[in-house]
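Peer 1: Structure below; questions to follow.
There are 4 protein chains.
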Amino acid sequence: MRRCARSWARSSHFAPEVFNCDAPNTGNMEVLVRYGSPAQQEEWLVPLLEGRIRSGFAMTEPAVASSDATNIEARIERVKGGKGDEYLINGRKWWTSGAPDPRCKILIFMGKTDPDNPSRHNQQSMILVPMDTPGVTRVRAFSVFGYDHAPHGHGEVDFKDVRVPVSNILLGEGRGFEIAQGRLGPGRIHHCMRLIGMAERALELMCRRAIKRVAFHKPVADQGVTRERIANARMLIDQARLLTLNAAWKMDTAGNKLAKQEIAMIKVVAPNMACQVIDWAMQVHGAMGVCDDVFLADAYANSRTLRFADGPDEVHRNAIARQELGRYLDK
Amino acid sequence: MRRCARSWARSSHFAPEVFNCDAPNTGNMEVLVRYGSPAQQEEWLVPLLEGRIRSGFAMTEPAVASSDATNIEARIERVKGGKGDEYLINGRKWWTSGAPDPRCKILIFMGKTDPDNPSRHNQQSMILVPMDTPGVTRVRAFSVFGYDHAPHGHGEVDFKDVRVPVSNILLGEGRGFEIAQGRLGPGRIHHCMRLIGMAERALELMCRRAIKRVAFHKPVADQGVTRERIANARMLIDQARLLTLNAAWKMDTAGNKLAKQEIAMIKVVAPNMACQVIDWAMQVHGAMGVCDDVFLADAYANSRTLRFADGPDEVHRNAIARQELGRYLDK
Amino acid sequence: MRRCARSWARSSHFAPEVFNCDAPNTGNMEVLVRYGSPAQQEEWLVPLLEGRIRSGFAMTEPAVASSDATNIEARIERVKGGKGDEYLINGRKWWTSGAPDPRCKILIFMGKTDPDNPSRHNQQSMILVPMDTPGVTRVRAFSVFGYDHAPHGHGEVDFKDVRVPVSNILLGEGRGFEIAQGRLGPGRIHHCMRLIGMAERALELMCRRAIKRVAFHKPVADQGVTRERIANARMLIDQARLLTLNAAWKMDTAGNKLAKQEIAMIKVVAPNMACQVIDWAMQVHGAMGVCDDVFLADAYANSRTLRFADGPDEVHRNAIARQELGRYLDK
Amino acid sequence: MRRCARSWARSSHFAPEVFNCDAPNTGNMEVLVRYGSPAQQEEWLVPLLEGRIRSGFAMTEPAVASSDATNIEARIERVKGGKGDEYLINGRKWWTSGAPDPRCKILIFMGKTDPDNPSRHNQQSMILVPMDTPGVTRVRAFSVFGYDHAPHGHGEVDFKDVRVPVSNILLGEGRGFEIAQGRLGPGRIHHCMRLIGMAERALELMCRRAIKRVAFHKPVADQGVTRERIANARMLIDQARLLTLNAAWKMDTAGNKLAKQEIAMIKVVAPNMACQVIDWAMQVHGAMGVCDDVFLADAYANSRTLRFADGPDEVHRNAIARQELGRYLDK
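Residue numbers (our numbering), protein chains in the order written: chain S, 11 to 341; chain Z, 11 to 341; chain W, 11 to 341; chain V, 11 to 341.
Written as C-alpha cells, this is what we have:
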C-alpha cells in the first residue's frame, strides 16, 4: 500500500481527495486486506484504494459504554430469506465517522451473532453492509466542538431489519472481536502518526507567529515563557515520535499481539502530547488561534477526540499497568 | 442593577433573551453607568437594560497585538461636517463580540484622538457608534472552535469615514485608556463568575454521568481515577470561588484600582480552572462529551477563549509578579 | 490557648523552645483539652503548655497500612496487677514524632481494648503512657530525606508488657477512634496553617534572590519564566489560604464533624501547594537551594511528608469525591 | 573504557568501590582521555580508572551565578617561582563534589588566565591541582537535603596562592571553555543514564510494594489511581530512554557539537522524569518512602539536584528554543 505511505510523509490528517489516507478508511482497508475474501476485496477494497468510494466503521452504540469492546447490543441473525441465506441486522450505531458522507458506500458493522456464547470474545461478528441496503438509515450527524467535519461527518445510523448476503461476513461467525483487535492496533498507530504531524505543524506555526508578532516592543519569541513552551513542545514531540517509531518496529518484527504494550502507550501519549502542543500554539496566536484562520482549533478538536476514541486513555493506562505489575506477581 | 445579579444566581453564561446578562453587554452597561452622560444613558443604557437592544465593544484590531491595550491604530478625528462638529472615525476592528447580531445597535469604539501625545495613556478616546451609521460595515464573523455563536457572533467590522456627533464621545478626549481600565476590571470579574458557574454545572454533569454509566461491570463513579478527578475538581472550583469572592469584596471596599492584583489573579485562575474541570467532565462522557448533546464542548471553547480575551494569562501573570517583586525592591 | 495563636502569626513550624507550637504537641494538647480528665490535664497538659515537657502520638505501626485508621494491631488489656487495676500494653509503633527527644515525657498511645467488637470503630482506646514506664523502649529514629530533625526526631518505639494505671485511659474504653477523629481534624488545620506560612517565606526568599542574583547580564527576576512562577506561587498560596480560613470558619461555626469535607480539602491542597512553591524557590537558588544555607530543602521534606501523614492525599480525595457524588445518588 | 560501561548495566549511581563509575569521576576521566597529555594521563587517569584515587571538578563559585559558564572569578596567573615556571591560583569554589572525600587526590580547576581577553570564551583555562598542594583548603561540606553523601561529599574549597607546575595545564591557556563544553556534554548523558536506571528501580519498588501492601481490604495495586501512575511512569521512562539512546547515537555518529540539541533535551527530560517517578514511588510507600529504609528519598535528592547541576533546566530550554526558532528566522 505505497499510496498510504505518502500520508506519513505529508504528516497531515487532511487527506487529499485522490487517496483515502484518513480514519476510518485506513483502518477499514487494513481489515479488508487482512480478513477480506478475494470477492470482498474486489468489490470494496479496490474502489477504496482508488479513492472512488469511502467507508465507515459501525461499532460504537449510544446505549452502552464502548470502552469495553465486548459491550455490544446490535444483533446479526442468520435467517433464510428472499435471496436465500442471509443475515438479518438490527441495531443503533453512533460515532460512525464517514457515514454522513454521500460518498460513503460501505460500512463494516459489528454485532452479536451468538449472544449466549459463554465466552464474551466469541459472541460477535463483523459484516459488510452497503449503505444503500434497505433498512439502513442515516439518523443524524454529530459535531465535534462545533465542527461538523462535512462532508465526512460523524453519524448516527439505524439498522432495522437490514438483510445482507451470508457472504458479506468477514472471516466467519464469532470472529468479530478478533478482527476488531486486529483493526484497532494498526488503526491506533495511524492516528499517532497523524497526531505527530499535526503537532509538528502546530509548533512551526507557533514559532513563525512568535517571531513575527510584536508585543510591548519586542517579538513574542523573545519572551522567556514562549521559549520555555517551544522547548517543551519540541521535547514532547520528539519523545512521542521515538515511542511511535519503536512501536512500529515492534509491530513489524514481533507482530501486533506482542506489541500490545507499545501500542497502548503511544495511544495515550500521542493525543495528550498533541493537545498540549496545539494548546500552546493557540495561545501564542491569541484570538486568531481559536478561529478558522488557522487550523489549530480544528486540530485540537481532533486530538481531544483521540483521547477517548479507539479506547479512552484510562482503559489503555489500566492495561499498561496490568502488564507492568505482571512482571512482579508471584515473584 | 438587580436584574444582572440574577445572572450570578443562575450561574450560567447562557443569558435568557429578556435580560442582557452576558459579555459584552454587562461590561458595556457598566461603562454607560459609570461614564455616560444622562443623554447617552437615556438613549443607550435604558434599552440595553430592558433587553431591547444589544451592544458590542470594538477595541481589538487585526493588525496589532492587543495584549498591549495602548496598541491601537484606529483614528478618531475631530472635524467640521454636515451636522456641525463631528468625529471622523477610521479603522478596522475584529473580535467585536455581538457585532454580527442584527439586534446589535450600538458599539463602544476605541481609537486614537491624539496619536502624538507623549503619554501613551492619553492618546485614546472611546466613542459611541451606532451600528447603522454610514461607513460601518460588518465584514465577516468568526467561529470559536466550530461555534459561530449565532446570532450573537464575533465580528470583524470596518469603519470607513464614519461620522458621529461630538456628543457621542464618552467622558472626553484622551479618557479612553482610563475607561478601558474601568470597564475591563469589572468585566473580568463577571467572566469569572460565569466560569465558576459553568464549572459547577460541568462537575454536576460529570457526577451524574459517572453514577449512571457502567463500564466493565461497575459504575464509572467507582473508578479511583474518576473519583480523584471529581475531588480535584471540587477543590479547584472552591478555591477559585473564594478567590473571586475575595476580589469582589476588595473591589467593593477598596475600589477597582486597589483591587488590581486580586482581579488579575482571578482572571488567570478562573478560565484555567474551568478548562480543566470541563475537560475532565468531557472525558467521562466519552464521545458524547465533544458533541452538542451536552454543553461541555461549547463551554470549553468559551473558557479557552477567556485565557487570552480581556488580557492573556501571560500579561496578567507578569503584572502579578511585578507587584509581588515590588514588595522587596530597595529593601 | 493564646500562646498557640502566636504560631499562626509567626507562620513558622520552627517553634521556639518556650512554647510547644509544633506537631505533634498542638494536636496532643488539643486531645488533653477536649478529652482529658482534670487530673490528666493537671499532670500533663499544664507542663506541655508551659513548654517544660514534650509529647508524642503513638498510632502508626510498621506492620499495617495506616491509611486505614482502624487498622491497628497493638493491644491494651485490662488486668489486675501490682498497683491494682492496670492496663497491660503490647505493640510496636513507628513514626512517633517527638519520641526520640529526651524531653518527651508522655505518649498518647492507640491500641485495641476490644478486638472482637463487631464494630471496627469501637475496638480501640487511647491511653497515656509515660515514656519512662518499664517496657517502653526507643528502638531507633528515622530520618526524613536525610534530616533527623533532632532533638525532636521520629521514633520507632516498642511496648512490651507495659503497665499503666487504669486512670490513664482517655475518656474510656472503645473511645479511641472517636478521639482520633477529634484530634486529627484540628491537627490537620494546624499543619495547613504552618504550610501556608512556610510557602510565604519560600516565596519571599525566591523574590529576594531573584532580584539580587544576576545571570547573563540581567537579574533573574527579569526572566519571564521566573515571573510566571512567582505569579503562580502567589495565586496558589492565596487560594490555599482562603480555603483554609474557610475551613476554620466552618469548624468554628458548624463544628469539626460538619466541616469534614473542608478539612479533607485543605489537607490535600496545602501540602501540595507548599511542595510546588518551595520547589520553585529552590530552583531559583540553584545549588544553594538544596543545602542548609537556606531552609528550603528541609521545608520541602516536611511538606512532602504531609502529603501522606495524617491521611495520605489519596484517602482524602476519595472521601471528598464520595461526598460530592452523594449529592446525586438516587436523584 | 569498558569498565564504565558496566555502570550502564547496573543502572545505579551507587558505584562500587572498585570502579569509579559515578559523577564527577566519569566526567573527569573523559577530560583526561580527551585532553590530557600522556604524562597527565599516566599520573592521574590510570589511578582513577583503577579506582585507587578519586577526583573533583572545581568550577562553580559562591559569588556568581554559575548558569553562565563564562561567569568565573577565580584566577590562574603564570609566574616565576621556586620550582621554575608555575601557575599561581587564587579563588573560592563550592559544590565541588568529591572534594571532602579523603580519597580525592586531584581536582580539575577552572579559572581565568586572561580576564581581559575581548572574547569571553578565551579567558579561561583548566588546570590540574593536586588536593595536597599548599594553599588548598577544604572549607566545609554541604548536604543535599539532609544527605551529606559522605565520604564522597560536596565541598567548598579555598585556593590561596596555590602553585602548580606549568605542565599541569590542560591543553593550553584559553582552552578552558572549550574543555568545559567537551566535558559537560558527555557528563550530561552519563547523568541521564544513571537517572533512567534510578527511575526503573523506583518503579520496580513501587510495583512490588503496591502488590504486597493491603489497604481497605485490597492490595494498593488494585487502586485505579496507583495503576494510572504506574502506567504514566512506564511511559515517561521509556520515552526518556529512547530520547537518551537517540542522543547517544547522534553523539557517536555526528559528534558532540552537532548533538548539542539532543543533549540539551535529555538533560532537561531525564531529571524531571526521575523526580516524578520517584515521587510516585515514595507516595505508595507512605512514611517509609521518605526514610532510608528504601533508597527513594536519597534518589529524589539526587534527581532534584540534576535539574540545575550541569546547567539548570531553564538555560537548556532556552538553548533548545533558540535552535528551534532558528529554523524560521529570515524565512
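Just so it is clear, CB atoms sit at the ideal spot from N, CA and C, and this is done for glycine as well.
DSSP three-state label for residue 184/V, please.
Peer 2: Three-state result, residue 184/V: coil.
Peer 1: Check whether the stretch 40-59 of chain W and the stretch 99-108 of chain W touch, using three or more Cβ-Cβ pairs below 8 Å as the test.
Peer 2: In short, these stretches do not touch, since the Cβ pair count stays below three.
Peer 1: The alpha helix (DSSP H) spanning residue 313/V covers which residue range?
Peer 2: Its alpha helix (DSSP H) spans residues 306-315.
Peer 1: DSSP beta-bridge partners for residue 164/Z?
Peer 2: DSSP output for residue 164/Z lists 107/Z and 152/Z as bridge partner(s).
Peer 1: What residue from 233/V, 279/V and 180/V has the CA that sits closest to residue 49/V's CA?
Peer 2: For residue 49/V, the nearest C-alpha among the options comes from 180/V.
Peer 1: Residue 328/V CB to nearest chain Z CB: under 8 Å?
Peer 2: No, residue 328/V does not count as interfacial toward chain Z.
Peer 1: Select from 295/Z, 33/Z and 278/Z the residue whose C-alpha is nearest the C-alpha of residue 225/Z.
Peer 2: Out of 295/Z, 33/Z and 278/Z, 295/Z has the C-alpha closest to the C-alpha of residue 225/Z.
Peer 1: Name, please, each residue of chain W whose Cβ falls closer than 7 Å to the Cβ of residue 127/Z.
Peer 2: Neighbours of residue 127/Z on chain W: none; closest Cβ ~29 Å, over 7 Å.
Peer 1: Tell me where the beta strand (DSSP E) around residue 246/S begins and ends.
Peer 2: First-last for residue 246/S: 234-264, but that is the alpha helix (DSSP H), not the beta strand (DSSP E).
Peer 1: Would you list, in chain order, the members of the stretch 218-248 of chain V that have their beta-carbon closer than 7 Å to a beta-carbon of chain Z?
Peer 2: Cβ contacts with chain Z: 233, 234, 235 and 238.
Peer 1: In whole angstroms, what is the alpha-carbon distance linking residue 209/Z and residue 145/Z?
Peer 2: One C-alpha to the other measures close to 41 Å.
Peer 1: Give, in chain order, every residue of the stretch 299-326 of chain Z whose Cβ lies closer than 9 Å to some Cβ of chain S.
Peer 2: Residues 299, 300, 301, 302, 303, 307, 308, 310, 311, 314, 315, 317, 318, 319, 322, 323, 324 and 325.
Peer 1: Determine the closest residue to residue 64/S out of 76/S, 83/S and 35/S, with distance taken between C-alpha atoms.
Peer 2: Of 76/S, 83/S and 35/S, the residue nearest in Cα terms is 35/S.
Peer 1: Only counting the same chain, and skipping five residues up and downstream in sequence, which positions put a Cβ closer than 8 Å to that of residue 229/W?
Peer 2: 220, 221, 222 and 223, listed in sequence order.
Peer 1: Listed from N- to C-terminal order along the chain, which residues in the stretch 70-84 of chain S have their beta-carbon within a distance smaller than 9 Å of any beta-carbon of chain Z?
Peer 2: Listed by position along the chain: 70, 72, 74, 75, 76, 77, 78 and 81.
Peer 1: Within 10 angstroms of its Cβ, does residue 111/W collect 16 or more other Cβ (buried), or is it exposed?
Peer 2: The residue is buried, with at least 16 neighbouring Cβ atoms inside 10 Å.
Peer 1: Are the beta-carbon atoms of residue 272/V and residue 256/V separated by less than 8 Å?
Peer 2: Contact flag set, yes.
Peer 1: Using the C-alpha atoms, what's the distance from residue 307/S back to residue 186/V?
Peer 2: The alpha-carbon atoms of residue 186/V and residue 307/S are separated by roughly 50 Å.
Peer 1: Give the secondary structure of residue 63/V by DSSP, where H, G and I count as helix, E and B as strand, and everything else as coil.
Peer 2: Coil, per DSSP.
Peer 1: Going straight from the alpha carbon of residue 21/W to that of residue 339/Z, what length do you get?
Peer 2: With a pLDDT of only 37 at residue 21/W, under the threshold of 50, the placement of this residue in the model should not be trusted; the figure read from the coordinates follows. Answer to the nearest angstrom: the Cα atoms are 23 Å apart.
Peer 1: At least one CB of chain Z closer than 8 Å to the CB of residue 333/S: is that the case?
Peer 2: No, its Cβ sits nowhere closer than 8 Å to a Cβ of chain Z.
Peer 1: For residue 282/S, name the three-state secondary structure that DSSP assigns.
Peer 2: Residue state, collapsed to three classes: helix.
Peer 1: Residues of chain V with a CB under 8 Å from the CB of residue 105/W: which are they?
Peer 2: Here the neighbours are 297.
Peer 1: What is the DSSP secondary structure of residue 97/W, reduced to helix, strand or coil?
Peer 2: Strand, per DSSP.
Peer 1: Return the chain-ordered list of same chain residues with a C-beta closer than 8 Å to the C-beta of residue 142/S, the five sequence neighbours on each side being excluded.
Peer 2: Cβ within range, chain order: 115.
Peer 1: Going by other Cβ atoms of all chains shown within 10 Å of its Cβ, with 16 needed for buried, is residue 171/S buried or exposed?
Peer 2: That one is exposed.
Peer 1: Checking the sheet assignment: what are the DSSP bridge partners for residue 225/Z?
Peer 2: Its beta-bridge partners are 228/Z.
Peer 1: Quick one, are the C-beta atoms of residue 236/S and residue 199/S less than 8 Å apart?
Peer 2: The answer is no: Cβ separation not under 8 Å.
Peer 1: Can a CB atom of chain W be found closer than 8 Å to the CB of residue 268/Z?
Peer 2: No, its Cβ sits nowhere closer than 8 Å to a Cβ of chain W.
Peer 1: Quick check: the Cα distance between residue 190/S and residue 310/V, rounded to an integer number of angstroms?
Peer 2: Computed Cα separation, rounded: 43 Å.
Peer 1: Can a CB atom of chain V be found closer than 8 Å to the CB of residue 208/S?
Peer 2: Taking Cβ atoms only, chain V never reaches closer than 8 Å to residue 208/S, which makes this a no.
Peer 1: Could you tell me the distance, in whole angstroms, from the CA atom of residue 88/W to the CA atom of residue 99/W?
Peer 2: Cα to Cα, the separation comes out at about 9 Å.
Peer 1: In terms of alpha-carbon separation, which member of 262/W, 76/W and 177/W lies closest to residue 94/W?
Peer 2: Measuring from the Cα of residue 94/W, the nearest candidate turns out to be 177/W.
Peer 1: Could you pull the DSSP bridge partners for residue 175/Z from this structure?
Peer 2: Residue 175/Z is bridged to 96/Z.
Peer 1: Taking the Cβ atom as the reference point for each residue, do residue 206/W and residue 251/W lie within a distance shorter than 8 Å?
Peer 2: Yes, they are a contact pair.
Peer 1: For residue 277/W, name the three-state secondary structure that DSSP assigns.
Peer 2: Of the three classes helix, strand and coil, the one that applies to residue 277/W here is helix, per DSSP.
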